[in-house]
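Residue numbers (UniProt numbering): 1 to 298. The structure appears below as structure tokens.
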Ligand code: GDP
């Protein structure tokens, strides 16, 4: 994860080793190198600009600490700024006062939405919840079956339209699932919605219709981190088309660069809530900005 960025930053820091106080020239050269590292990592330009602005300002202004040499001081500043750009605090789920808490997932096909639904269900069950998975992706013939397979692996029941009921109406399924959850003591409902391969007005409208029908407590935008800056464009389109409260980043295990992770919070103003790091259901956790920054600088 983020190996390319890690390596680049490590070499920037090592060039500072052995230096006494940093000159203006040192600061500018370091900022330039960090800028290049971020651009190579596919971080969005406005994010890079702000990040570098902060680094320079703080490197110039920071009290010279006796405990840290200049290289350590720059690492400390970069670490703190990385944490900020990744969202600062860990964002927890906001549970509804009156259950069930309704969590709706939105995102492109292939983003890892269905897998994430299962991971989230398993994780929630581990936190003493009683989740229900809802198959509101009725676009692809296989989507319902796929969610049922995931639900079985996660040990979570799946609410789906009865087989042979024709095409089915995802809004009706989503609405009915809430009543089903109330009757069967599920305190969290996770609704998997239909995605397409690209941005599509009909897909957005369907997600917006489900949103209006069930007023979710949390809408999570699920996005594949490996698509880099495209993630930022997709994130913006979903923000305009459906709106969401937080982001779930998937496939971080295959992302050597980190551009999506480092850009998405700043560009969308929405926190990253979950990180998915593999195909197995247990490869999943809340997103911790400080741990992620630590991994980048490890
Ligand atoms: P959906 O179309 O959005 O529902 O996406 P799926 O859940 O079907 O996932 C698409 C593919 O990505 C599947 O082959 C998953 O196994 C894989 N996948 C999902 N999440 C991750 C992840 O975090 N890491 C990796 N390496 N693969 C993932």
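Each residue gets a CB set at the ideal place from its N, CA and C atoms; glycine is no exception. The structure displayed is predicted, hence computed values, not measured ones.
Any heavy atom of the ligand GDP inside 7 Å of the beta-carbon of residue i?
i	result
residue 206	no
residue 298	no
residue 198	no
residue 258	no
residue 146	yes
residue 14	no
residue 285	no
residue 139	no
residue 195	yes
residue 278	yes
residue 230	no
residue 110	yes
residue 255	no
residue 294	no
residue 156	no
residue 151	no
residue 335	With the chain covering only 1 through 298, there is no way to say anything about residue 335.
residue 234	no
residue 168	no
residue 107	yes
residue 76	no
residue 251	yes
Helix, strand or coil: which one does DSSP assign to residue i?
i	result
residue 156	coil
residue 181	helix
residue 11	helix
residue 90	coil
residue 134	strand
residue 116	helix
residue 238	helix
residue 218	strand
residue 96	coil
residue 199	coil
residue 194	coil
residue 108	coil
residue 284	strand
residue 169	coil
residue 298	coil
Return the chain-ordered list of same chain residues with a C-beta closer than 8 Å to the C-beta of residue i, the five sequence neighbours on each side being excluded.
i	result
residue 130	185, 186, 187 and 188
residue 143	114, 135, 137, 192 and 194
residue 53	none
residue 197	108, 109 and 110
residue 227	234 and 260
residue 298	6
residue 280	none
Going by beta carbon distance, what residues of the same chain come within less than 6 Å of residue i, once the five residues before and after it are set aside?
i	result
residue 58	77
residue 330	The displayed coordinates of the chain run from 1 to 298. Any statement about residue 330 would go beyond what the structure contains.
residue 156	121, 131 and 133
Can you give me the Cβ contacts of residue i inside the same chain, cut-off strictly under 7 Å, excluding the 5 residues immediately before and after it?
i	result
residue 175	213 and 214
residue 37	5, 8, 9 and 12
residue 166	Residue placement at residue 166 is poorly supported in this model, since its pLDDT is 45, which falls under 50; the coordinates still yield a value, given next. Closer than 7 Å at Cβ, skipping near neighbours: no residue.
residue 225	231, 249, 250, 251, 252, 255, 260 and 261
residue 158	133, 135, 147, 148 and 151
residue 244	106, 219, 220, 221, 238 and 270
residue 35	48 and 52
residue 29	none
The segment 201–216 contacting the segment 111–125, beta-carbon criterion three pairs below 8 Å: no
Segment contact, 8 Å Cβ cut-off, at least three pairs: the segment 13–26 with the segment 222–237: no
Inter-stretch contact (C-beta, 8 Å, three-pair minimum) for the segment 207–221 and the segment 96–106: yes
Sufficient close CB pairs (3 or more, under 8 Å) joining the segment 256–266 to the segment 39–50: yes
Stretch pair the segment 266–278 + the segment 17–34: three plus CB contacts closer than 8 Å: no
Sequence ranges, alpha helix (DSSP H) only - wholly within the segment 8–80, length at least 4: 24–40 and 45–61
Stretch pair the segment 281–295 + the segment 74–90: three plus CB contacts closer than 8 Å: yes
Complete runs of the alpha helix (DSSP H) confined to the segment 231–281 [at least 4 residues]: Complete alpha helix (DSSP H) runs here, min 4: 259–268.
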